[in-house]
Structures are given as structure tokens and as C-alpha cells.
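Below: the structure, in C-alpha cells.
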Amino acid sequence: MADTPVLAGATAPALPADWRDYFALLKPRVMTLVVFTGLCGLLAAPGHLHPVLAFTAILCIAVGAGAAGALNQWYEIDLDAAMKRTAGRPLPAGRMDPGSALAFGITLAVGSVTVMYLAVNAVAALLLLASILFYVFIYTVWLKRRTPQNIVIGGAAGAFPPVIGWAAATGDVSTLPVLLFAIIFLWTPPHFWALALFVRTDYANAGVPMLPVVAGATETRRQVLLYTPPLVAASVAPWALGLSGAIYGVAAAGLGAVFLALAFAVYRNRATDPAEMTPEKRLFAFSILYLFALFAALVLDRWVLA
1 MADTPVLAGA TAPALPADWR DYFALLKPRV MTLVVFTGLC GLLAAPGHLH PVLAFTAILC
61 IAVGAGAAGA LNQWYEIDLD AAMKRTAGRP LPAGRMDPGS ALAFGITLAV GSVTVMYLAV
121 NAVAALLLLA SILFYVFIYT VWLKRRTPQN IVIGGAAGAF PPVIGWAAAT GDVSTLPVLL
181 FAIIFLWTPP HFWALALFVR TDYANAGVPM LPVVAGATET RRQVLLYTPP LVAASVAPWA
241 LGLSGAIYGV AAAGLGAVFL ALAFAVYRNR ATDPAEMTPE KRLFAFSILY LFALFAALVL
301 DRWVLA
């Protein structure tokens with residue numbers, strides 16, 4: 001498969017794109033998680049950041065994530081057109097000119113990093129820039145079409161937000177934000193592979209070498225289970241190292257136990273029909289709740305014990 005987007009495959013838009021199409025380019029569902037974990041990193045950090053600067057930092061994280069999403073969709077028009085769950089996006093559906101999407105993404109990327117640098121601090125700006133570049137060039141351009149480890153390595157892009165939030169508040173990076181990075185990094189493979197198991201046909205049709213397509217369902221389920229204990233260990237580490245209190249520790253242990261039980265149910269499942277992949281769907285749904293609840297517990301712990 002070609003390594004460049006097949007722009008000629010997109011139909012010319014019948015009408016100018018409206019605000020809903022530009023909003024869809026931002027991948028708002030992904031942005032929600034990015035903003036939340038970034039905010040939690042900021043709130044869990046020591047010290048105090050002026051509310052206006054805190055809002056600016058979170059806005060820059062959101063805009064930077066949106067820029068990465070827009071550039072990802074510009075580059076992957078051909079892949080999105082080949083997959084049922086993404087064929088309705090503005091570019092493959094022909095509601096937007098590819099050049100407009102590219103310009104939109106670049107503008108947001110430059111703007112978010114510049115404002116973060118000028119209004120907050122250089123460390124947070126450099127981390128934001130690194131996250132955008134990693135997602136666009138390392139994950140989207142280099143890894144996604146070449147290796148079933150795309151999600152494993154590419155998961156680092158989604159792990160940056162809490163580190164950026166922490167750096168916005170403190171101007172540096174210490175042990176706790178590194179652990180938060182590790183949690184999201186280890187969470188990403190079981191989260192996305194659970195999804196990939198029941199939408200395997202979509203990835204196969206698009207020629208994306210996701211693990212279920214290349215290695216099969218049995219190996220993917222084994223990998224989901226193998227990644228879960230390190231995830232649980234990383235999630236409990238802030239408590240074990242004395243970087244958080246009992247509220248977070250109990251939440252991390254309880255949520256981790258549920259995640260492990262669901263991962264084991266996925267491992268035991270032998271279904272090949274997506275309609276029979278209930279354990280995979282349950283794990284995917286819970287994995288989203290897991291990350292929200294875990295990071296919320298960290299903030300609650302920080303503010304209750306402050």
C-alpha cells in the first residue's frame with residue numbers, strides 16, 4: 001500500500017465545509033480524553049497556576065490534539081474511505097477540500113505551541129510540539145501502515161497530555177508525571193486491540209496491519225492479557241512510591257482488578273464473529289471508564305489531602 005494519502009480518491013465537495021466538518025476534524029471524542037488527562041496532570045501538580053494561565057494551557061493541549069487529529073485525517077483519506085466506521089468523516093465523504101484540512105491542522109498546531117510558549121512556559125510548549133509531531137510523523141506516517149506494533153509505539157503520543165499539564169503548572173517533569181505517561185502508554189494496546197478485535201474486517205479491508213489482522217485473534221487476546229499486569233502495576237506505583245495517598249491507591253487497585261478480570265475474559269473467548277465478542281466490547285468500554293476514573297481519583301486524592 002502506498003505510504004502517501006490518495007488525495008485524488010476524495011470527491012469534490014458539493015458545498016463548502018461548515019463548522020461541523022471542521023469540528024469533526026478535531027476528533028472530539030479523542031480530544032475529550034486528552035483534555036481530561038491533561039487537566040488532571042495540571043491539577044495533580046504541586047503549586048498553583050493562575051486560573052487564566054491554567055485555562056490557556058488546557059486550551060492549548062486541546063487545540064494541539066485537534067491539530068494532530070486533523071493532520072491525521074488529511075493523511076489518511078484513503079484509509080478512512082475504506083473503513084465503514086470512518087467513511088463518513090468530512091474528507092472521505094467529500095464534504096471538505098483536503099487542502100483546507102491541511103491548512104487547518106497546521107494553523108492549529110503552530111498556534112497552540114506558540115501560545116503555550118508565550119503564555120505558559122517553554123517546557124510545556126516543547127512537550128506539546130513533541131506530542132503533535134510524534135502522532136503525525138511517527139504514528140500516522142511511519143508506523144500505522146507498516147507494523148502491527150503501530151499502537152504500541154504510537155501510544156506514546158496519547159500519553160503526553162498529563163505530562164504537558166504537569167509541566168504547565170511546574171515548568172518541569174518529575175517522577176509522578178512520568179508514571180502517568182507510563183500508565184497511558186501501557187493502557188493503549190489493550191484498549192485499542194480490544195476494539196480492533198471486533199472491527200478487524202474494517203482494518204483488513206483498509207490494509208492496516210493491526211495485530212488481529214496480522215497475527216490473528218488468539219495472539220491479540222494473549223497480548224491484551226500480557227499488557228494488563230504491567231498496566232495495573234504502573235497504576236499502583238504512585239501509591240506504592242508515596243507519590244499519592246490512599247484514595248488513589250484503593251481506586252487504582254480496584255480498577256486494576258476489574259481490568260484484569262475483563263482482560264482474562266477476553267483471553268478465554270474464542271469467538272470469531274464480532275457479534276459474539278461481548279468480552280472484547282466490555283473491555284473496550286471499561287478501559288475508557290478506567291482511565292477517567294483513575295485520573296479523577298488522583299486529582300481527588302491530591303485535593304483532599306492538600
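For the sequence shown, UniProt numbering begins at 1 and goes up steadily by one. Positions of the beta carbon are idealized from the N, C-alpha and C atoms, including for glycine.
Residue state for Val120 is assigned as coil, using DSSP reduced to three classes.
Ranked by how close their Cα comes to the Cα of Gln73, the residues Ala217, Trp303, Val136, Thr107 have Val136 in first place.
Considering only Gly207, Arg270, His48, Pro92, the residue with the shortest C-alpha distance to Glu219 is Arg270. In this chain, Gly47 is not harboured by any alpha helix (DSSP H), its DSSP state being neither H nor E.
Ranking Ala45, Phe55, Asp273 by CA distance to the CA of Leu298 puts Ala45 first. Counting along the chain, Val214 sits inside the alpha helix (DSSP H) bounded by residues 211-214.
Here Pro90 has Ala17, Asp21, Ala24, Leu25, Met96 as same chain residues with Cβ atoms under 7 Å from its own Cβ, once five neighbours each way along the sequence are excluded. Look at the beta carbons and you see the stretch 210-219 not touching the stretch 231-248: under three pairs across the two are nearer than 8 Å.
Within a 10 Å sphere around the beta-carbon of Glu76 sit 16 or more other beta-carbons, which makes this residue buried. From the listed residues Leu262, Thr107, Pro98, Leu118, the smallest Cα separation to Leu53 is found for Leu118. Per DSSP, Ile138 lies in no alpha helix (DSSP H) segment and is marked neither H nor E. If you check the CB distance, Gly66 and Leu108 come in under 8 Å.
With respect to Ala252, Val236 sits close: the two C-beta atoms are nearer than 8 Å.
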